[in-house]
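Below: the structure, in structure tokens.
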Amino acid sequence: MEIKVRTEQTVNGRLVTNRQLETLAAVARAGSKTAAAKALGISVPVVHRYISAIEEAAGSPITVSTPAGTRLNDEGRRILETYAATELRCSDDHKFTVCCSPVTEDLMMSVLSALRMTDVELVISDDEHNIRMMKEDLADFAVIDDPLYLFDADEFDGVEIGYMGMVFVDNGPSFIKYRYGAQRVAFMFLDTMGRKYTIESETFSLPELLGSKKSYFVDEFLLLRKGIKMKSAIDPKVLRHSITAIYRREDKAVSKLVKALQTRNIR
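Below you can see the structure in the form of structure tokens.
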């Protein structure tokens, strides 16, 4: 007898089916609705219908169309992250699971590809969520951007894999906060400087952050990986912070990942 547990997700009180959520995940992975339809073996109109059903429940768009395809916006990411986390909790077993944020996402994918570790579950979320995944035994390895979060993860082994500086775009006292990276370090810097500020909004989206015309912090490494050059109000080295890999126990897979990440020379 095979028994499996599946979850249901409601958005604003309206049921969103697992098939609709699987389609949203496929769009996020493939980067377009057409590619998602091909991967799932369904038609493009069906993909549009599933995404529209989720948007009706959310009461707002969950994707953004670009010349390069389709990406999820903040609302879409929130829905997908909740789906991914609950599906893992219901799983009787999981693959070797690695967590990181969008700051180190490209780096992690590059390392996993170079090591040919294709049978790996990769979860992209913020530090708080990734540490929770570790604590709930849903992840085996996590890369933490903000060293202040390590106080919440002292039961795990850890090793520094590099350092990053942060770019400070100063457009006045009104700030937009990026969901990822060493944001607590950055705003503590403002507090120590006695700087008066207000955080007006928070975003999952790097394009929204960069186009906001508000003040913000963003990890320099992320900009470099995206090929974005940007002037900082301070030397990024002023906000230099460690990037740390944490894990429950060191085994062959963990050792390979740590060594590969350290050799990438994140500085």
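Add 14 to a position in the sequence shown, counting from 1, and you land on the number used in our numbering. Glycine residues also receive a C-beta, built at the ideal position from the N, C-alpha and C atoms.
TODO: Measure from the alpha carbon of CYS113 to the alpha carbon of each residue in TYR194, ASP249, PHE155 and LEU271, then state which is nearest.
DONE: PHE155
Open item on the list: Relative to the C-alpha of THR258, which candidate in SER246, ILE175 and LYS227 has its C-alpha closest?
Closed with: ILE175
Open item on the list: Buried or exposed for SER127, going by 16 or more other Cβ atoms inside 10 Å?
Closed with: exposed
Open item on the list: Starting from VAL134, trace the beta strand (DSSP E) in both directions and tell me its first and last residue.
Closed with: 134-138
Task: For VAL60, the nearest candidate out of ASP141, GLN34, LEU29 and PRO81 (CA to CA) - done: GLN34
Open item on the list: Once DSSP output is grouped into helix, strand and coil, what is the label at ILE17?
Closed with: Only weak support exists for where ILE17 lies, its pLDDT of 48 falling under 50; the value from the coordinates is given anyway. The answer is coil: DSSP assigns ILE17 none of H, G, I, E or B.
Task: Of the residues ILE93, THR217, ALA71 and SER226, the one placed nearest ASP184, counting alpha carbons only - done: SER226
Task: Same chain, Cβ closer than 6 Å to LEU136, five either side skipped, listed in chain order - done: VAL112
Open item on the list: Which of the three DSSP states is assigned to PHE231 in this structure?
Closed with: strand
- [ ] List the DSSP bridge partners of PHE170.
- [x] In the DSSP output, where bridge partners are listed per residue, PHE170 has none listed.
Open item on the list: Please report the straight-line C-alpha distance between ILE280 and LEU236, rounded to a whole angstrom.
Closed with: 11 Å
- [ ] Quick one: measure Cβ to Cβ for MET180 and PHE231, integer angstroms, because I've assumed they're closer than 8 Å.
- [x] 5 Å
Open item on the list: Using a 10 Å radius around the Cβ and a threshold of 16 neighbouring Cβ atoms, would you call LYS109 buried or exposed?
Closed with: exposed
TODO: Confirm, please, whether the CB-CB distance from ILE68 to ILE158 is below 8 Å.
DONE: no
- [ ] Quickly, what does DSSP pair GLN197 with across the bridge? List them, please.
- [x] In DSSP, GLN197 forms no bridge with anything.
Open item on the list: Any beta carbon of chain E sitting closer than 8 Å to that of SER139?
Closed with: This model lacks chain E altogether, as it is built from one protein chain only.
Open item on the list: According to DSSP, is GLY90 part of a helix, a strand, or is it coil?
Closed with: helix
TODO: Drop a sphere of 10 angstroms on the beta-carbon of PRO250, count the other beta-carbons inside from all chains shown, and report buried for 16 or more, exposed for fewer.
DONE: buried
Open item on the list: Only counting the same chain, and skipping five residues up and downstream in sequence, which positions put a Cβ closer than 6 Å to that of SER139?
Closed with: GLU95
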